[in-house]
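These notes are about the structure you will find just below.
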Amino acid sequence: MSTKFIYPIFSQKSGLEISAETKESREGSRVTERTGRVQLRFFLLEPPSEGKTTQLKFICEPFEAYDLFLKINKVVQSPGKEKLTHKFKNGDGAEIVTTVAVEHWQRGEKSGFGFSAGRGNDFISVPVSQDQIARFLHAGEFLRFLSTRQQWVETMA
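Under our numbering, the residues of the sequence shown are numbered 554 to 710, in order.
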């Protein structure tokens, strides 16, 4: 039985799950290759109005998860926003752009952190208050752990 690594973060209206995923290549019914990935699943805790997206998934290569860890540490040091973007064409040939951002914001006396994902007109943000900086940094450490763990996924012979 395999272990599923999941790191959840919740805000008042939204959440983020960081988890290990595996991509398999097949020839018929036989698995020929297995590669590790890291999934970030952004979701709303309350149902949105009709026709709106309730979740956005972003699949990272292990090196991208490590890059996101570095971006988290960078924004903790100085306020700003760092992004990771994926572009691909769907079955219809339309380009799909998905962006994940980590942010450290300051407005007057207030400041905080946040994770967000956007795809087209859909956007989900998961804020983390300033007093929960350890939670923000710990999410980065989990991404760092998964970046190494998922690089070493068992391959098929």
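A virtual CB, placed ideally from N, CA and C, is assigned to each residue, including glycine.
Quick caveat, the model's predicted, so the values are computed rather than measured.
Q.
Let's test the definition: count the other Cβ atoms within 10 Å of the Cβ of PHE668 and tell me whether it reaches 16, buried, or not, exposed.
A. For the purposes of this step, residue 668 is identified with residue 115 of the sequence shown, where counting begins at 1. Per the 10 Å Cβ criterion, buried.
Q) Considering only C-alpha positions, which residue in the set ALA687, GLN685, THR585, PRO680 is nearest to SER567? A) Residue 567 sits at position 14 when you count from the first residue of the sequence shown. Selected option, being the one with the closest Cα: PRO680.
(Q) Along the chain, where does the beta strand (DSSP E) containing PRO561 start, and where does it finish? (A) To locate residue 561, count along the sequence shown from 1; it is residue 8. Counting along the chain, the beta strand (DSSP E) containing PRO561 begins and ends at 559-563.
Q) Is GLU694 helix, strand or coil when you go by DSSP? A) In the sequence shown, residue 694 corresponds to position 141, counting from 1. Correct three-state label for GLU694: helix.
Q | Cβ-Cβ distance between ALA670 and LEU609 below 8 angstroms | A | Position 117 of the sequence shown holds residue 670. Position 56 of the sequence shown holds residue 609. Cβ distance < 8 angstroms, so ALA670 and LEU609 count as in contact.
Q: Report yes or no: do the segment 680-694 and the segment 655-666 share at least 3 C-beta pairs separated by less than 8 angstroms?
A: yes
**Q.** With 16 other Cβ atoms within 10 Å as the buried cut-off, status of ILE719
**A.** Since the displayed the chain opens at 554 and closes at 710, residue 719 lies outside it and no answer follows.
Q. In the structure shown, what three-state DSSP assignment does ASP675 receive?
A. What you label residue 675 is simply residue 122 of the sequence shown in a count that begins at 1. In the displayed model, ASP675 falls within a strand according to three-state DSSP.
Q | Any beta strand (DSSP E) of 3 or more consecutive residues that is wholly inside the segment 562-650 | A | Fully enclosed beta strand (DSSP E) runs of 3 or longer: 567-580, 583-597, 608-613, 633-642.
Q | Cα-Cα separation, HIS691 to ARG697 | A | Within the sequence shown, numbered from 1, the residue matching residue 691 stands at position 138. Within the sequence shown, numbered from 1, the residue matching residue 697 stands at position 144. Answer to the nearest angstrom: the Cα atoms are 10 angstroms apart.
Q) If you draw a straight line from the C-alpha of PHE695 to the C-alpha of ASN626, how long is it? A) For the purposes of this step, residue 695 is identified with residue 142 of the sequence shown, where counting begins at 1. For the purposes of this step, residue 626 is identified with residue 73 of the sequence shown, where counting begins at 1. Taking the straight line from one Cα to the other gives about 13 angstroms.
Q.
Check whether the segment 609-618 and the segment 586-601 touch, using three or more Cβ-Cβ pairs below 8 angstroms as the test.
A. The segment 609-618 makes contact with the segment 586-601, as at least three CB pairs between them are under 8 angstroms.
Q. Using the rule of at least 16 other Cβ atoms within 10 Å of the residue's Cβ for burial, across every protein chain shown, is THR638 buried or exposed?
A. Position 85 of the sequence shown holds residue 638. Label assigned to THR638: exposed.
(Q) Run through the DSSP bridge pairs and tell me what ARG660 is partnered with. (A) For this step, residue 660 is matched to residue 107 along the sequence shown. LYS663.
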